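Enquirer: Structure incoming, see below.
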Amino acid sequence: MMRWTPGASPVLDVLAIALVMLAAMMSLAAAVGLLRFPDTLQRLHAGAKPQVLGVIVICVAIVLRSPSWPVVALTSLVVVFQMLTQPIAAHMAGRAAYRTDGLHGELIILDEMADDVSAADRADKP
Amino acid sequence: MTALLLAAGIMFGVAGLAALIRIIIGPTNLDRVVAADVFTATLVCWMGLWMVANKDTTLLPVLIALALFAIVGTVSVARLLARKEEDS
Numbered sequence: 000m001m002r003w004t005p006g007a008s009p010v011l012d013v014l015a016i017a018l019v020m021l022a023a024m025m026s027l028a029a030a031v032g033l034l035r036f037p038d039t040l041q042r043l044h045a046g047a048k049p050q051v052l053g054v055i056v057i058c059v060a061i062v063l064r065s066p067s068w069p070v071v072a073l074t075s076l077v078v079v080f081q082m083l084t085q086p087i088a089a090h091m092a093g094r095a096a097y098r099t100d101g102l103h104g105e106l107i108i109l110d111e112m113a114d115d116v117s118a119a120d121r122a123d124k125p
Numbered sequence: 000m001t002a003l004l005l006a007a008g009i010m011f012g013v014a015g016l017a018a019l020i021r022i023i024i025g026p027t028n029l030d031r032v033v034a035a036d037v038f039t040a041t042l043v044c045w046m047g048l049w050m051v052a053n054k055d056t057t058l059l060p061v062l063i064a065l066a067l068f069a070i071v072g073t074v075s076v077a078r079l080l081a082r083k084e085e086d087s
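If you read the sequences in order, they're chains A and B.
Just so you know, the first sequence maps onto residues 0 to 125 in numbering that gives the first Met the number 0.
Just so you know, the second sequence maps onto residues 0 to 87 in numbering that gives the first Met the number 0.
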């Protein structure tokens, strides 16, 4: 299924393999964080790393392996979309996690959101 | 080269498996959504690995679609959960 075909130059091939290994390590670290961290916000923090950086690194590796302008255009589209959408998704998930108590209060050192929430509550009440 | 690629594939496989475990045991639905997002990212990395190994760019449109639409599930579930919290 997976068969190694030599690329444009051996240097680019080695560089691409190194980038793929970097992405694999980031993915593994995110998975370990996903399993071991205690609450939703920390799992979100661990999981968000490979979603942007890992995908960027993999896209660079693809370009190094098959260097041509159409490939550059398509991979940069992938990177742009990923960088546009993942922060929104992480923000929404973190907001919902805060609101549904998906966090351990005793683990938080500084909670700046609590002041804003109580201020908004006070403003709501006539 | 092949051994390194195989090692990277195994690492992605372990990462995807860990995300699946978190989807199964995750105490809240939000944990499951976050894990599903990580699983999608692992899937994208797997397809990238396949393309790097085979020197083949057939799967690039799939990557674009995944990068665009991975947000939909997360945002909808997050909004649904926030609305439920406001109702109760």
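Just so it is clear, CB atoms sit at the ideal spot from N, CA and C, and this is done for glycine as well.
Predicted, not measured: the structure shown is a model, and the values here were computed from it.
(1) Identify whether Met0 of chain B lies in helix, strand or coil by the three-state DSSP scheme.
(2) I need the boundaries of the alpha helix (DSSP H) containing Ser26 of chain A, first residue and last residue.
(3) Quick check: the Cα distance between Trp68 of chain A and Ala60 of chain A, rounded to an integer number of angstroms?
(4) On the three-pair Cβ rule with 8 Å, is the region 66 to 82 of chain A touching the region 21 to 29 of chain A?
(5) From Val10 of chain A to Ile24 of chain B, what does the alpha carbon distance come to, in whole angstroms?
(6) Mind reading off the beta-carbon distance from Leu43 of chain A to Ala92 of chain A? Whole number of angstroms is fine, and I expect it under 8 Å.
(7) Does any residue of chain B have a CB that is nearer than 8 Å to the CB of Ser8 of chain A?
(8) Pop quiz: Val54 of chain A and Val77 of chain A are said to be a contact at Cβ under 8 Å. What is the actual Cβ separation, rounded to whole angstroms?
(9) Taking only beta-carbon positions, decide if Met24 of chain A is within less than 8 Å of chain B.
(10) How would you label Asp120 of chain A, buried or exposed, when you count the other beta carbons within 10 angstroms and need 16 or more for buried?
Expert: The answer reads as follows:
(1) In this structure, Met0 of chain B counts as coil in the three-state DSSP scheme.
(2) Note, Ser26 of chain A: alpha helix (DSSP H), Pro9 to Arg35.
(3) About 14 Å.
(4) The region 66 to 82 of chain A vs the region 21 to 29 of chain A: no contact.
(5) Going from the Cα of Val10 of chain A to the Cα of Ile24 of chain B covers about 44 Å.
(6) Under the criterion of beta carbons closer than 8 Å, Leu43 of chain A and Ala92 of chain A qualify as touching, at roughly 6 Å.
(7) No, its Cβ sits nowhere closer than 8 Å to a Cβ of chain B.
(8) About 7 Å separates the two Cβ atoms, so the contact holds.
(9) Cβ-Cβ to chain B under 8 Å: yes for Met24 of chain A.
(10) Classification of Asp120 of chain A: exposed, given that the 10 Å Cβ count is below 16.
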